[in-house]
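Below is one structure, written out as structure tokens, with a few remarks after it.
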């Protein structure tokens, strides 16, 4: 797999596209005024404890209070260092015995505010470096599960020796990241020192600053590109701003020299995103329909609770028989769906309605293909088997807003429903409202202000009903078209 990373920077927005084998696989957008909060450490203030929900609301200085569940409260067994949980995942110590209203508490954001929900917090602090993740409240030394199991024991022992050496200074636990598998002892020691120094500054800030203060801000998107997105298969990182290129190169040379060596300043005349038609890809990623090369297509609908993906054969009739047509469409859809999940940053519960397959072997092959493509996703995903109804359920960890939620807002006319009342339905609503008003008030005249298409209908096809209502209430009814009004909007003015 060959990977290129393209970065388009402007003062108001940074956009990053991850291109693998010529196709856009991921899009990351960070706006200066809407920067994400995941990874930030705050000194919060407990404003409410809810024993019935085993949770608490913490004020960290945002518009909405953040949410802390008891499962995210770091707990230690008396006399021990390890976090202890009861069986079936229930904690030993209830939340009302751990936090109280008015308490100042150090927390880290693990999920950004999404929709109407506030940020989700944890009291277990973790600091990510280039090669390691530092757990200052723990003494555990571990290795990423993505590293082959045959190498884990040796890597764990090597890391344990580095962490426990006198030169490293201080305690805490560490987890070796995937990109640290081939790193030298000197590089690991450098990362350990950097993370411990960062934690020392964070603790010092917690003692100095008042509650609801930001103690530590996570790296910006440009810096996270070097930390999180660059791997051995990355060929180049092209950035179209000389100022940001120099800043990122200085940061990379200090902390991630191997990644910094792949940085290039893009000087082409065409906008950098035009190289792979990325703006057109973004426009397609905001639509419901995704066309497949075979002629089939996907319909993707994102709701508050889950995302549904429907697979259709469309115009694909190329296989020898109907079963083969369905099977080939589903196979192609499996790869396309995995790509769309990454591209759109869809998270939470996802329900995929593949076209019904009669043969169990076909179902197994499609599931294997789907899981193979999901394995490339850097975000944690879990995919179950097919349900009795032929649906495939899966989850994808959600930590940030999806691409659609970040770039779009609900339609002012339909409020996100995707449908409007017909002009006739609105006309009948107006007639009912006039009758309701006539029973309470006795004006000289009723004036209806509505969208032009609604007024036109009342003057034309619905004029007999309007005249009959006027006779029934004994008051004249006048109409006024207002072009600025949406189809569902109207006002009844009493004159």
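Residue numbers (full-length UniProt numbering): 1 to 495. Each residue gets a CB set at the ideal place from its N, CA and C atoms; glycine is no exception.
- The continuous stretches of beta strand (DSSP E) do not include residue 98, and DSSP gives it neither H nor E.
- Put simply, of 458, 258, 272 and 391 the residue whose alpha carbon is nearest the alpha carbon of residue 352 is 391.
- Just measuring C-alpha positions, the residue of 345, 218 and 359 sitting nearest residue 374 is 345.
- Nearest neighbour of residue 210 by Cα position, chosen from 135, 61, 27 and 481, turns out to be 61.
- In the three-state reduction of the DSSP assignment, residue 468 falls in the helix class, which pools H, G and I.
- Scanning 174, 152, 110 and 108 for the CA closest to the CA of residue 138 turns up 174.
- With a cutoff of 8 Å on beta-carbon distance, residue 430 and residue 404 are scored as not near each other.
- Residue 203: member of the alpha helix (DSSP H) spanning 185-208, first to last residue.
- For residue 154 and residue 286, the gap between their C-alpha atoms comes out near 46 Å.
- Counting other Cβ atoms within 10 Å of its Cβ, residue 179 reaches 16 or more and is therefore classed as buried.
- By the Cβ test, the stretch 238-251 is in contact with the stretch 264-282, since at least three Cβ pairs between them sit closer than 8 Å.
- Boundaries of the alpha helix (DSSP H) around residue 438: 423-440.
- A straight-line Cα-Cα distance of about 24 Å links residue 219 and residue 145.
- When 355, 372, 380 and 379 are compared, the shortest CA-CA separation from residue 386 is found for 355.
- Assigned with DSSP and collapsed to three states, residue 70 falls in helix.
- For the options 243, 10 and 181, the alpha carbon positioned closest to that of residue 232 is the one of 181.
- The closest CA to that of residue 24, considering only 310, 208, 281 and 481, is found on 281.
- Here the alpha carbons of residue 417 and residue 410 stand approximately 8 Å from one another.
- Proximity of the stretch 332-343 to the stretch 8-25 meets the contact definition, three or more beta-carbon pairs being nearer than 8 Å.
- Of all C-beta pairs linking the stretch 53-73 to the stretch 127-136, fewer than three are shorter than 8 Å, placing the two stretches out of contact.
- The shortest C-alpha to C-alpha distance from residue 46 to any of 327, 95, 407 and 480 is the one to 95.
- Counted as a single uninterrupted DSSP element, the beta strand (DSSP E) harbouring residue 311 occupies residues 306-312.
- As the crow flies, the alpha-carbon of residue 381 is around 27 Å from that of residue 358.
- When secondary structure is reduced to three states using DSSP, residue 353 falls in the strand class.
- Only exposed fits residue 493, as fewer than 16 other CB atoms lie within 10 angstroms of its CB.
- Excluding the 5 residues flanking it on each side, residue 200 has no same chain C-beta neighbour closer than 6 Å.
- Under the three-pair Cβ rule at 8 Å, the stretch 147-163 does not count as touching the stretch 433-452.
- Residue 458 is a Cβ neighbour of residue 479, given a cutoff of 8 Å.
- Note on geometry: alpha-carbon atoms of residue 369 and residue 422 lie some 44 Å from one another.
- Residue 413 is positioned such that its CB atom lies no closer than 8 Å to that of residue 304.
- If one requires a minimum length of 4 residues, no alpha helix (DSSP H) run lies completely within the stretch 94-160.
- Rounded to whole angstroms, the gap between the alpha carbons of residue 112 and residue 246 is 30 Å.
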